[in-house]
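In the working numbering, the protein residues as written are 1046 to 1171.
Written as structure tokens, this is what we have:
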């Protein structure tokens, strides 16, 4: 990233968001996953959690979405931030071609959606 680009980004994002995003990229923690049917999604691998980031969404007001609580609160609810560090990491990594690419099998994709989109568990159900 050039010095000019860093200066421009620092005008739009807080230091915490920008440094966090660049750290994910430096540590190769931005993973681009391509499904067998060509759908692409991203995972940002944190120390304790993995966050899912979707890009190129059809809604004109929201071109990127992250599964983290900061995105829900600071971006969607209060509008305090343009995006979270995970979404910014994906956007920058895409432009720099620094995403770690992984092809997903149908089974991998099914397991991913089961983990991230399952409803509440009821272990007492028969």
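Think of the CB as a built atom: it goes at the ideal place given N, C-alpha and C, for glycine as much as any other residue. All figures in this text were calculated on a predicted structure; none of them were measured in a lab.
Alpha-carbon to alpha-carbon, residue j and residue i
{"i": "residue 1108", "j": "residue 1097", "result": "14 Å"}
{"i": "residue 1058", "j": "residue 1138", "result": "16 Å"}
{"i": "residue 1066", "j": "residue 1051", "result": "12 Å"}
{"i": "residue 1150", "j": "residue 1069", "result": "25 Å"}
{"i": "residue 1146", "j": "residue 1077", "result": "5 Å"}
{"i": "residue 1126", "j": "residue 1074", "result": "22 Å"}
{"i": "residue 1102", "j": "residue 1049", "result": "28 Å"}
{"i": "residue 1242", "j": "residue 1047", "result": "The first residue shown for the chain is 1046 and the last is 1171, placing residue 1242 beyond what the model contains."}
{"i": "residue 1135", "j": "residue 1156", "result": "22 Å"}
{"i": "residue 1111", "j": "residue 1089", "result": "10 Å"}
{"i": "residue 1140", "j": "residue 1072", "result": "16 Å"}
{"i": "residue 1094", "j": "residue 1055", "result": "25 Å"}
{"i": "residue 1159", "j": "residue 1152", "result": "10 Å"}
{"i": "residue 1060", "j": "residue 1053", "result": "12 Å"}
{"i": "residue 1124", "j": "residue 1148", "result": "34 Å"}
Residue i classed as buried or exposed, judged by whether at least 16 other C-beta atoms fall within 10 angstroms
{"i": "residue 1142", "result": "exposed"}
{"i": "residue 1133", "result": "buried"}
{"i": "residue 1087", "result": "buried"}
Residues near residue i by beta carbon distance below 6 Å, same chain, minus five either side
{"i": "residue 1130", "result": "1062, 1065 and 1066"}
{"i": "residue 1154", "result": "1080"}
{"i": "residue 1100", "result": "1109"}
Residue-level contact to chain C via CB, residue i, 8 Å cutoff
{"i": "residue 1130", "result": "Any reference to chain C falls outside this structure, which holds one protein chain only."}
Same chain, Cβ closer than 7 Å to residue i, five either side skipped, listed in chain order
{"i": "residue 1113", "result": "1096, 1129 and 1131"}
Chain-order list of residues whose beta-carbon lies under 8 Å from that of residue i (same chain, five-residue window excluded)
{"i": "residue 1144", "result": "1075, 1076, 1077, 1087, 1135 and 1138"}
Review point. Should the region 1071–1084 be called in touch with the region 1110–1120, which here means at least 3 C-beta pairs below 8 Å?
Key: no
**Study point:** Every unbroken alpha helix (DSSP H) within the region 1093–1141, with a cutoff of 4 residues, ordered by chain
**Key:** 1130–1141
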